[in-house]
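Have a look at the structure below, then the notes.
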Amino acid sequence: MSSLSKELGSWRTPNVASFAVALALFAVSSLIAMSGPRYDVTLLVTVGLSAVAAMGLTLLLIAGQVSLGQAAFMAVGAYVSAILARDHGFPAVLALFAGVATSAVCGAIVGGITLRLKGHFLPLATLAMGMACSAAIVAAGPVTGGASGFGQIPPLSFGRFELVDDRAFAIVVWSIVAVAAGGFSRLLSTRTGRAIAALKTDIEMAGVFGVNATRLRLLVFVVAATLAGLSGGLYAFYFKFISPAPFGLTSSINLLIACIFGGMSHPFGAVLGASAVTALEMFLQNTVARMLGLSGNVEMIVFGVVLIGVLLRWPGGIWSALHRAWPVFSTPRPARNIELTPSKRGVEGDDLLSVRGIGKKFGGLTALHDVSFSVGADQIVGLIGPNGAGKSTTFNIATGLTEPSEGRVRLMGAPPPSRVSDLVHRGVSRTFQHVRIIPERTVLENVAFGGYAQGRSGMIAGMFGLDQAEEAATFAKAWRALEIVELDGLAHEPASRLAMGQARLVEVARALISRPRLLLLDEPAAGLRTGEKLKLVTLLHRLKRAGTSVLLVEHDMDLVMNCVDQVVVLDRGHGLMTGLPDEVRRDERVIAAYLGT
Amino acid sequence: MLDTLLFLVADGITNGAVYGLLALSLIVVYTVTRVVNIAQGEYVTLGALSFASALSGTFSVLSAIVAAGLAAFALKDVADRRLTGTMRVRIVLSRALWIFIVLATAWLANLLPGSYWLAVLASLVAIASLGTLIYRLTVEPVSGASPIVLLIVSVGVYMVLHGTAVLIWGAEPRSVPPVVEGGVELGPVFVTYQSLWICASSLVAMIALYLFSERTLTGQALQATAVNRTGAQLCGIPVGVAGQLSFAIGAGFSALSGLLLAPLITANYDMGLPIGLKGFVAAALGGIVEYPTALVGVLLVGLTESFSAFQVSAYRDVVVYLMVIPILLWRNAVRPPETHGH
């Protein structure tokens, strides 16, 4: 009995659930499409179309971006498809394809221009873009029919087969909804999904593990634009009439309402939201208004109150209220034991990191002057110094985040890469002074994200489950890394619940899974208890034996002295001395710098 | 030719002054609370309509609703178990005074119909108080939520306020007399007194806001909250009060722009959204956080609008909106906004 429930339990994974929900969506919608009244079928199509566009927006939100102009991409899809099919004699399917492609290209252009905008500038830019698009459609009257739009759009046809039946159209739309929803839901717990979640947490952190943030953000933006374009194109072929009204600012905001109302952390939230918003509107229009005989304004007020009420109660939307029922991501611990040995990249014999006479000026302020040291193979080097000594600047210069004003850095025998995301390919990994982990994901998923650079599977593979072998290998490594830092007991806990010390060790595990030859640790002992610090020292020795060199920036003198082979002491931007721990401990200048003279 | 040009410039500046008040409202609310307030334009509508009804001597239902809301929150605050006796008394007295002012101004305006200043006072007090109520009802409970959730909540507020405005005042537009009839010949251009009045009032309001935020302790506290919410809280600034204050200022400024504009376009339930939108574009040009840059944006939007109304070319709107993007890119490169972890 218990083995049976265990057997069933192992099926309760997000992947199986995604597939099941997608199937259920398709089944239920098909049932309504085939047997419901005609009015319901039109509603079904409307909900499906807005769900398609809203899912793209949700993906964008998951990646930490907001668009207030998503309806503009729907407009592009709709107008290009409709104009090509009606005025230029394109076969309808080809016109739809062209419309979607144009929308994707527009997404790439707009995204390419606006994605460098930070904070609230991006939503403002997309807002302006959306309003400009509406104005442009009105202005280009001769082509687009201006504010009044145009009709007589031919039906969607494929060869000799014409999709004229409303019910068949609804099934087509909801097949797309089901495939996209199930696919995106699965995508979230794969390599690309973890990277998208990492983008939202911290772009720089994502880059350190090999995510080309610019490219991935652009990809997500283009996917969102493509889905919006598809939704718009299908809209044109279903209603056979288009005008600027359904693609204005109101529609962009409505899409956003659907996403937030349904829950912006999951693609199913978009489907839920689109359905719930329409259901609520219908309920208010048909039931409340008819029964109580109230005017349209009361509907609007009630809708607003419900919207506010739901979001005050569940800021994460309807999905967060249902979230409890959704299976937690889990992967069983692999039976066989794999070793996480560092890869043999880089130049043999040479120093892994060598810093010669580097300096850094910020304006007139000299933060760093003439600092030299090196980290050799199988070596642990400690970088210490009082606050403001220039440790962080040195660290950032060594990893190529900051360009030095003078001096030379060689990382694995070459200058540091210009892109942060190339660092991990050199066999270099790091942790952060302020913990940067993805709070809403499990510990295991966070560690697995560290293996991003070793994987290859992309968005399509993630959506349709073509990445299973690679994922199994990644999670085997993630389990092993968690065992090394002795946190395997917490593998399936959400990372947000970790204590500071545990979170730091998760960062170490995440760095280890990329099998670095050089590990850079930025104050790993801050916030650790004594017992945890001792564990950290043991861990560092173990890593060294396995062939990983470590550069350790740390405040805790005892910890540094207990585990390093060499100490570099910085003071007020100068290299005070470099030596063995015992020499440094006795050195009067170091004592003076630390205790004050 | 020159006459027309000057006329258009004067018209554009008047429009700009109205949008400027809106842009400032949006900026104050956004910087302090991180709410991109879609509902801001509704305060314009409410301001104009409650001004119109106060001027005609009808007791504003809105003032009664606001007073009831204030009383409800006063009861809730007094019920807090952690308060000492004296603090309770102080809360009761201050809230009673507040409610009294809201009701008394409305009642006086009712008694003396046609009194311009009383009507202005009554509607400004009511709407600014409404702003604090909206903050406490819809922002305070989720003040930690991500900005995008706050934005959607403000869409809900928009729906409620918009519907309520129609319920109270109906869909009929109301004509509102200007402060003084007629106008003056400024060189070759005829400018109505109302236009001058709009520009002067906006200017005074903006200077007052500037002095308030630069010269008073409360204003400084508001600025501190805008820069760093947590830091301000640690310094003992009551962030909730700062939020209420920002909503009150935002609502008051928007209402002011509404009642100033009402004589030119008649007060109606649908006037808020387009004005709010223009205010948005103007604020966006300033990157939504800075007052002076936003004012340049405001004039730009006002002028472009009046010129495009004269020389009909639909592409001008496209240009106005698209203008935002290069300006944002430039500002992003020069001084990017802080990115907030949610």
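Residue numbers (the numbering used here), protein chains in the order written: chain G, 6 to 602; chain C, 9 to 350. Just so it is clear, CB atoms sit at the ideal spot from N, CA and C, and this is done for glycine as well.
Handout entry: In DSSP terms, what G/Glu411 is bridged to
Key = For this step, residue 411 of chain G is matched to residue 406 along the first sequence. Paired residue(s): G/Gly364.
Practice task
Could you name the residues of chain C that G/Thr119 contacts, counting a contact when the two beta carbons are closer than 9 Å?
Solution key: In the first sequence, counting from the first residue as 1, residue 119 of chain G sits at position 114. In chain order: Ile333, Leu336, Leu337.
Exercise for the section: Flag C/Met279 as yes if its beta-carbon sits less than 8 Å from any beta-carbon of chain G, otherwise no. Expected result: As a position in the second sequence, residue 279 of chain C is number 271, starting the count at 1. Answer no: the Cβ-Cβ gap between C/Met279 and chain G never drops below 8 Å.
Exercise for the section: With DSSP as the reference, label G/Asp171 as helix, strand or coil. Expected result: The count along the first sequence starts at 1 and reaches residue 171 of chain G at position 166. Helix.
Practice task
Take every Cβ of the stretch 47–57 of chain C, pair it with every Cβ of the stretch 102–115 of chain C, and state whether three or more of those distances are shorter than 8 Å.
Solution key: no
Problem - Per-residue burial, G/Gly94 [other beta carbons within 10 Å of its own, 16 or more giving buried] - result: What you label residue 94 of chain G is simply residue 89 of the first sequence in a count that begins at 1. By the 10 Å Cβ count, G/Gly94 comes out exposed.
Practice task
Would you mind stating whether G/Phe469 and G/Gly188 have Cβ atoms separated by less than 8 Å?
Solution key: Sequence index remark: in the first sequence, residue 469 of chain G carries index 464 (1-based). Sequence index remark: in the first sequence, residue 188 of chain G carries index 183 (1-based). Yes, they are a contact pair.
Exercise for the section: Compare the C-beta of G/Gly267 with all C-beta atoms of chain C and state if any pair is closer than 8 Å. Expected result: Numbered from its first residue, the first sequence carries residue 267 of chain G at position 262. So, not an interface residue.
Practice task
Following the continuous alpha helix (DSSP H) through G/Gly201, name the residue where it begins and the one where it ends.
Solution key: Sequence index remark: in the first sequence, residue 201 of chain G carries index 196 (1-based). With the sequence shown as reference, residue 201 of chain G is identified as Ile, and Gly is not the correct amino acid for it. Its alpha helix (DSSP H) spans residues 196–206.
Exercise for the section: Provide the residue span of the beta strand (DSSP E) that contains C/Glu193, from first to last. Expected result: The count along the second sequence starts at 1 and reaches residue 193 of chain C at position 185. Run containing C/Glu193: 191–194, per the beta strand (DSSP E) assignment.
Problem - C-alpha gap between G/Ile201 and G/Gly321, whole angstroms - result: Locating residue 201 of chain G in the first sequence gives position 196, counting from the first residue. Locating residue 321 of chain G in the first sequence gives position 316, counting from the first residue. G/Ile201 and G/Gly321: Cα-Cα distance of roughly 18 Å.
Practice task
Tell me, please, whether the CB atom of C/Pro149 is closer than 8 Å to any CB atom in chain G?
Solution key: Position 141 of the second sequence holds residue 149 of chain C. Taking Cβ atoms only, chain G reaches closer than 8 Å to C/Pro149, which makes this a yes.
Problem - Whole-angstrom C-beta distance between C/Trp115 and C/Leu78, which should lie under 8 Å - result: Looking up residue 78 of chain C in the second sequence gives position 70. Looking up residue 115 of chain C in the second sequence gives position 107. So it is not a contact: roughly 15 Å between Cβ atoms.
Handout entry: Spatial distance of C/Thr12 from G/Gly154 (CA atoms)
Key = Along the second sequence, read from residue 1 onward, the residue named residue 12 of chain C stands at position 4. Along the first sequence, read from residue 1 onward, the residue named residue 154 of chain G stands at position 149. If I take the Cα positions, the gap works out to 34 Å.
Exercise for the section: Compare the C-beta of G/Met305 with all C-beta atoms of chain C and state if any pair is closer than 8 Å. Expected result: Reading the first sequence from its first residue, position 300 is the one you call residue 305 of chain G. Yes, because at least one Cβ of chain C sits closer than 8 Å to the Cβ of G/Met305.
Handout entry: Beta-carbon proximity check, G/Val569 vs G/Met582, cutoff 8 Å
Key = As a first step, residue 569 of chain G is located in the first sequence; it is residue number 564 there, counting from the start. As a first step, residue 582 of chain G is located in the first sequence; it is residue number 577 there, counting from the start. Contact: no.
Problem - Straight-line gap, C/Glu180 to C/Tyr277 (C-alpha atoms, nearest Å) - result: As a first step, residue 180 of chain C is located in the second sequence; it is residue number 172 there, counting from the start. As a first step, residue 277 of chain C is located in the second sequence; it is residue number 269 there, counting from the start. Rounded to whole angstroms, C/Glu180 to C/Tyr277 spans 8 Å at the Cα level.
Exercise for the section: For G/Thr309, go through chain C and note every residue whose CB falls closer than 9 Å to its CB, in chain order. Expected result: Within the first sequence, residue 309 of chain G is the residue found at index 304, counting from 1. Looking at the sequence itself, residue 309 of chain G is Gly, so the reference to Thr does not match. Result: Val163, Gly164, Val165, Tyr166, Met167, Val168, Leu169, His170, Gly171.
Exercise for the section: Using a Cβ cut-off of 8 Å (strictly closer), state whether G/Asn392 contacts chain C. Expected result: Against the first sequence, residue 392 of chain G aligns to sequence position 387. Answer no: the Cβ-Cβ gap between G/Asn392 and chain C never drops below 8 Å.
Practice task
Can you pull the chain G residues whose beta carbon is under 7 Å from the beta carbon of C/Leu175, in chain order?
Solution key: What you label residue 175 of chain C is simply residue 167 of the second sequence in a count that begins at 1. Neighbours of C/Leu175 on chain G, chain order: Asn302.
Exercise for the section: Return no unless some Cβ of chain C is closer than 8 Å to the Cβ of G/Gly351. Expected result: As a position in the first sequence, residue 351 of chain G is number 346, starting the count at 1. Annotation note: pLDDT 48 at G/Gly351 (below 50); position unreliable, coordinate value reported separately. No, its Cβ sits nowhere closer than 8 Å to a Cβ of chain C.
Exercise for the section: Starting from the N-terminal side, write out each stretch of the alpha helix (DSSP H) that is 4 residues or longer and does not extend beyond the stretch 117–155 of chain C. Expected result: 124–142
Exercise for the section: Determine the direct distance from the alpha carbon of G/Thr119 to that of C/Ala7, and round the result to whole angstroms. Expected result: Past the boundaries of the shown model lies residue 7 of chain C; chain C is included only from 9 to 350, so the question cannot be answered.
Handout entry: Test: G/Ser7 CB closer than 8 Å to a CB of chain C
Key = Within the first sequence, the letter at position 2 stands for residue 7 of chain G. Any reading at G/Ser7 needs caution, since the residue's pLDDT is 45, under 50, leaving its predicted position unreliable; the model's value is listed next. No, G/Ser7 lies away from the interface with chain C (no Cβ there is under 8 Å from its Cβ).
Exercise for the section: Measure the beta-carbon distance from C/Val1 to C/Val147 and round it to whole angstroms, keeping in mind my assumption that it falls under 8 Å. Expected result: The shown model of chain C, from 9 to 350, leaves out residue 1 of chain C, and the question about it has no answer.
Practice task
Please classify C/Pro121: is it buried, with 16 or more other beta-carbons within 10 angstroms of its beta-carbon, or exposed?
Solution key: Sequence index remark: in the second sequence, residue 121 of chain C carries index 113 (1-based). With fewer than 16 other Cβ atoms within 10 Å, it is exposed.
Problem - Residue-chain proximity (G/Met136, chain C), Cβ-Cβ < 8 Å - result: Position 131 of the first sequence holds residue 136 of chain G. So yes, G/Met136 belongs to the interface.
Exercise for the section: Report, in whole angstroms, the separation of the C-beta atoms of G/Arg485 and G/Leu345, which I expect to be a contact under 8 Å. Expected result: Taking the first sequence and counting its residues from 1, the one referred to as residue 485 of chain G is at position 480. Taking the first sequence and counting its residues from 1, the one referred to as residue 345 of chain G is at position 340. Contact holds; Cβ gap of about 5 Å.
Exercise for the section: Alpha carbon to alpha carbon, how far is C/Ala263 from C/Thr172? Give it in angstroms, no decimals. Expected result: Here residue 172 of chain C refers to the residue found at position 164 of the second sequence. Here residue 263 of chain C refers to the residue found at position 255 of the second sequence. Looking at the two C-alpha atoms, the distance is approximately 16 Å.
Handout entry: Exposure label - G/Leu192; buried when at least 16 CB within 10 Å
Key = By one-based count along the first sequence, residue 192 of chain G stands at place 187. The residue is buried, with at least 16 neighbouring Cβ atoms inside 10 Å.
Handout entry: Beta carbon of G/Leu541 nearer than 8 Å to that of G/Leu548
Key = Here residue 541 of chain G refers to the residue found at position 536 of the first sequence. Here residue 548 of chain G refers to the residue found at position 543 of the first sequence. Not a contact, by the Cβ cut-off of 8 Å.
Practice task
Just the chain C side, please: which residues come within less than 7 Å of G/Leu64 by C-beta, in chain order?
Solution key: In the first sequence, counting from the first residue as 1, residue 64 of chain G sits at position 59. Those within 7 Å of G/Leu64 in chain C number zero; the least Cβ separation is about 14 Å.
Exercise for the section: From the DSSP output, in three-state form, read off G/Gly580 for me. Expected result: Here residue 580 of chain G refers to the residue found at position 575 of the first sequence. DSSP places G/Gly580 in strand when its eight states are reduced to three.
Practice task
Compare the beta carbon distance of G/Gly395 and G/Leu575 with 8 Å and say whether it is the shorter of the two.
Solution key: By 1-based counting over the first sequence, the position of residue 395 of chain G is 390. By 1-based counting over the first sequence, the position of residue 575 of chain G is 570. Going by C-beta atoms, G/Gly395 is nearer than 8 Å to G/Leu575.
Exercise for the section: Could you tell me whether any Cβ in chain C is nearer than 8 Å to the Cβ of G/Pro320? Expected result: In the first sequence, the residue the question calls residue 320 of chain G occupies position 315. G/Pro320 counts as touching chain C.
Practice task
Find out if the Cβ-Cβ distance for the pair C/Tyr27, C/Lys286 is shorter than 8 Å.
Solution key: What you label residue 27 of chain C is simply residue 19 of the second sequence in a count that begins at 1. What you label residue 286 of chain C is simply residue 278 of the second sequence in a count that begins at 1. The answer is yes: Cβ separation under 8 Å.
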